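Read through the structure below, which is laid out as structure tokens, and then see the notes.
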Amino acid sequence: MNVFTCSNSILNPKEKLMLDSNFFNRPTLEVASDLLGKVIVRNGVKAVIVETEAYIGPVDKGCHAYHFKKTKRNEVMFSCGGVAYLYLIYGMYYCLNFVTEGEGFPCAVLIRSVEVVEGLDTACRRRYKKEYSQLSSRQIRNLSNGPGKVCMLFNLSSAQNGMSLQTDDMYIEDNGISGFDIVKAKRINIDYAEEARDFLWRFYIKGNQNISVK
DNA sequence: CGTGAGATCATC
DNA sequence: ATGATCTCACGA
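According to the working numbering, the first sequence is numbered sequentially starting from 5.
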């Protein structure tokens, strides 16, 4: 049973609020857990964030910007919180991150999984070139439970690297969704990161069906 | 310039 | 469990 159903009935229109840079310009672990239940709005799709991971460059061997290492790929992480960091992974997929904290302190939150609440057919077409009613149960189950999938259904690629999270093109809403339990866990697929492997910097909504790795 | 690895996904 | 697929970062 999903915490959120695929309908917008749980959203209370009176409580809508676009998150601004004050939200992102805070400690990354707080932002990562506070993002759960918030809604990404972009390109005809709205989706609730249900799983995130924090990456804190200065101290984190799992982060592209470990020890403030700056490269062409990760330079966006050094900007002030409130922009998107997108990069190509495994030659085929993209990952969406929200940059956090102040300028020069390279941190971000990876959006690992979402639950679509509006524009469901649009999202399905981008993932499978079919509408929702044509999907198999397996395709429905795998619609949005992974970082590469999030980028597909929101039409995101490296072209959006560095873009603001506070424009009509893309913004984050606080719809007042709360009342769920948050699970803290080890991050996924960073086996190379030595001691940072064991940091509990992955956050997800307990009981949600759209979690990437059980 | 060569090389290896990677914050993944779909299929076997 | 494995193949797909390619950019980036690094070292020679």
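For every residue, glycine included, the Cβ atom is placed at its ideal position computed from N, Cα and C.
Everything numeric in this text was worked out from a predicted model, so none of it was measured.
Kindly confirm or deny that the region 27–38 and the region 71–89 touch, where touching means at least three C-beta pairs closer than 8 Å. yes
Would you report the Cα separation of E79 and I115, rounded to the nearest angstrom? To locate residue 79, count along the first sequence from 1; it is residue 75. To locate residue 115, count along the first sequence from 1; it is residue 111. Between E79 and I115, the C-alpha separation is close to 19 Å.
Rounded to whole angstroms, what is the Cα-Cα separation between C67 and A36? On the first sequence, position 63 is the one that residue 67 refers to. On the first sequence, position 32 is the one that residue 36 refers to. Using only the alpha carbons, I get a separation of about 15 Å.
Should F109 and P62 be called a contact, given that it needs their Cβ atoms to be closer than 8 Å? The residue you call residue 109 lines up with position 105 of the first sequence. The residue you call residue 62 lines up with position 58 of the first sequence. In contact: F109 and P62 (Cβ atoms closer than 8 Å).
Completely contained alpha helix (DSSP H) runs for the region 121–188, where each covers 4 or more residues: 124–132, 141–145, 151–157
Residue range of the unbroken alpha helix (DSSP H) whose run includes A36: The residue given as residue 36 occupies position 32 in the first sequence. Element bounds for A36: 32–38.
DSSP has T104 in a bridge; who is on the other side? On the first sequence, residue 104 is found 100 positions in, with the first residue counted as 1. T104 pairs with nothing; no bridge assigned.
For F207, which of S117, H71, N47, F72 has the nearest alpha-carbon? By 1-based counting over the first sequence, the position of residue 207 is 203. Comparing Cα-Cα distances from F207 to each of S117, H71, N47, F72, the minimum goes to S117.
How big is the Cα-Cα spacing for I93 and G183? Here residue 93 refers to the residue found at position 89 of the first sequence. Here residue 183 refers to the residue found at position 179 of the first sequence. Spanning the two alpha carbons is a distance of roughly 34 Å.
Straight-line CA distance for D195 to I60? Translated into positions along the first sequence, residue 195 becomes position 191. Translated into positions along the first sequence, residue 60 becomes position 56. Going by the C-alpha atoms only, they are around 16 Å apart.
Would D64 and A200 be called neighbours here (beta carbons separated by less than 8 Å)? Looking up residue 64 in the first sequence gives position 60. Looking up residue 200 in the first sequence gives position 196. Cβ distance < 8 Å, so D64 and A200 count as in contact.
Tell me, please, which residues DSSP counts as bridged to A58. On the first sequence, position 54 is the one that residue 58 refers to. The partner list for A58 (beta bridge, DSSP) reads V113.
Look at the alpha carbon of K42 and the alpha carbon of I176, and state the distance between them as a whole number of angstroms. Against the first sequence, residue 42 aligns to sequence position 38. Against the first sequence, residue 176 aligns to sequence position 172. K42 and I176: Cα-Cα distance of roughly 7 Å.
Where Y91 sits in the DSSP three-state scheme: Within the first sequence, numbered from 1, the residue matching residue 91 stands at position 87. Strand.
Taking the alpha carbon of A112 as the reference point, which residue from S141, N47, T56, N149 has its own alpha carbon closest? Along the first sequence, read from residue 1 onward, the residue named residue 112 stands at position 108. Answer by Cα proximity: T56.
To which residues does DSSP link Y70 through a beta bridge? The residue given as residue 70 occupies position 66 in the first sequence. According to DSSP, which records beta bridges pairwise, Y70 is partnered with nothing at all.
Contacts around N159, its chain only, beta-carbon distance under 8 Å, and the 5 residues preceding and following it disregarded: Residue mapping note: residue 159 aligns to position 155 of the first sequence, counting from 1. Cβ neighbours of N159 beyond the five flanking positions: R46, N47, R130.
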